[in-house]
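Student: Below are the structure tokens for one structure; questions will follow.
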Amino acid sequence: MPIYSPASKEILEIIKQYTKKGEVVKIFDPLEYNNILYREITFSKKLFRNFRKENLGYLYINEKNEIVNEKSLQERLAKLAYFSDVFYNTESRICIVNAFQEDGAIEKDKKDYKLVEAGLDFLTKEGIVDSEQVKQVVIKLPSVRKNNNAVLKQLMAKAGEYKTEKKYFNAHMLEELLPIYREALSINLQKIKLIDSGSGCYSNIKKTAEKKRKQMSIRFNHKLTQPLMKISYMMGYFNKLVDTCIIISKMSDTEYFKYLGTIEKENIDYRVNLNRSKKNS
């Protein structure tokens, strides 16, 4: 669910000395810190080269609509805002909820995996050695994704429960949700490592499947063309993931969480460093 809304006329008037021409101003759902409510304000412009909006500045205001100028408080609020994005803001690319699969998507995946297994069995009979190793990855992957989905479901339920009970995201809620979040990330690392384990095979399997599918003896055999097509698609996905996660895939859990901690800090610092000052000040 979105957790930002357009700023009201009252807020726009209060922050007009911080706003630049042509900017879109949005205001965050309330955050609670030390029993006081605060809100994050974002300033953005649409970037036409990629048709998305990028935040160019931030402000924090309290429940009296007073600007927060104390840096240490800005840092604490930025951390709450960042993790509120992670847990609740489905419009954000960092929202972990977006990784959750509904039942329909899970069933479709199961069918795709079965087709890929059938295609790999065919390639094994054709003497393609790599296909058996890739099949082991494909067999194990649904279980890992199922575990990840179960943890994400638990996280969503807990996050929703807290939001219903307490309404405002705060440090206590963050500390309660973090262990479940870390567990989901740990399972995701397992998935990355599993897929990476067959990285030397995917290009050959993809190329072979595409070549076989074009052969006259196979081209009109739907029982073979569909599995081979699914193999081509899945191997392309695997290759892309391996390339994207080339550093992460070699990490231990400890190294991975240290790496993620650095990224989280960078994202929080980004909000603080772009905290707006008055124009001409």
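Using the numbering used here, read the sequence shown as starting at 15 and increasing by one per residue. Here a beta-carbon is modelled for each residue, glycine too, at the ideal position from N, C-alpha and C. If you're wondering where the values come from, they're calculated on a predicted model, not measured in any experiment.
1. In this structure, how does DSSP classify Cys-76 when only helix, strand and coil are distinguished?
2. Can you name the start and end residues of the alpha helix (DSSP H) that Leu-208 belongs to?
3. Out of Arg-159, Gly-36, Thr-178 and Phe-57, state which residue places its alpha-carbon closest to the alpha-carbon of Ala-119.
4. So, is Asp-257 buried or exposed, given that buried needs 16 or more other C-beta atoms within 10 angstroms?
5. Between which two residues does the alpha helix (DSSP H) harbouring Tyr-284 extend?
6. Tell me whether Tyr-32 is buried or exposed, calling it buried when 16 or more other Cβ atoms sit within 10 Å of its Cβ.
7. Rounding to the nearest angstrom, what Cα-Cα distance links Gly-275 and Pro-241 in this structure?
8. Of all the alpha helix (DSSP H) runs that stay within the bounds of the region 231-266, which reach a length of 4 or more residues?
9. May I have the straight-line CA-CA distance separating Val-151 from Asp-144, to the nearest angstrom?
10. Which of the three DSSP states is assigned to Tyr-52 in this structure?
11. Skipping 5 residues on each side, what residues in its chain have a beta carbon closer than 6 Å to that of Lys-293?
12. Measuring alpha carbon to alpha carbon, tell me which residue in Ile-194, Glu-24, Asn-287 and Cys-215 is nearest Ile-110.
13. Could you spell out where the alpha helix (DSSP H) holding Val-111 opens and where it closes?
14. Can you give the Cα-Cα distance for Ala-92 and Pro-156, rounded to whole angstroms?
15. Taking Val-173 as the reference, which of Leu-288, Gly-212 and Glu-190 has the closest Cα?
16. My assumption, with CB atoms under 8 Å, is that Ser-58 sits in contact with Glu-37. Please give the rounded CB distance.
17. Does Tyr-182 come out as helix, strand or coil in the three-state DSSP assignment?
18. Determine the extent of the alpha helix (DSSP H) in which Lys-139 is found, giving its start and end residues.
19. With a cut-off of 8 Å on the beta carbons, I'd call Tyr-96 and Asn-289 a contact; round off their distance for me.
Tutor: In this structure, then:
1. Checking the sequence, you will find Asn at residue 76 rather than Cys. It is a strand residue.
2. 185-210
3. Arg-159
4. exposed
5. 267-287
6. buried
7. 40 Å
8. 236-258
9. 11 Å
10. strand
11. Gln-31
12. Ile-194
13. Neither: Val-111 is in no alpha helix (DSSP H) and is coded neither H nor E.
14. 36 Å
15. Note that residue 173 corresponds to Ala in the displayed sequence, not to Val. Selected option, being the one with the closest Cα: Glu-190.
16. 7 Å
17. coil
18. 117-139
19. Between Asn-289 and Tyr-96 the Cβ distance is about 14 Å, and since that is not below 8 Å, they are no contact.
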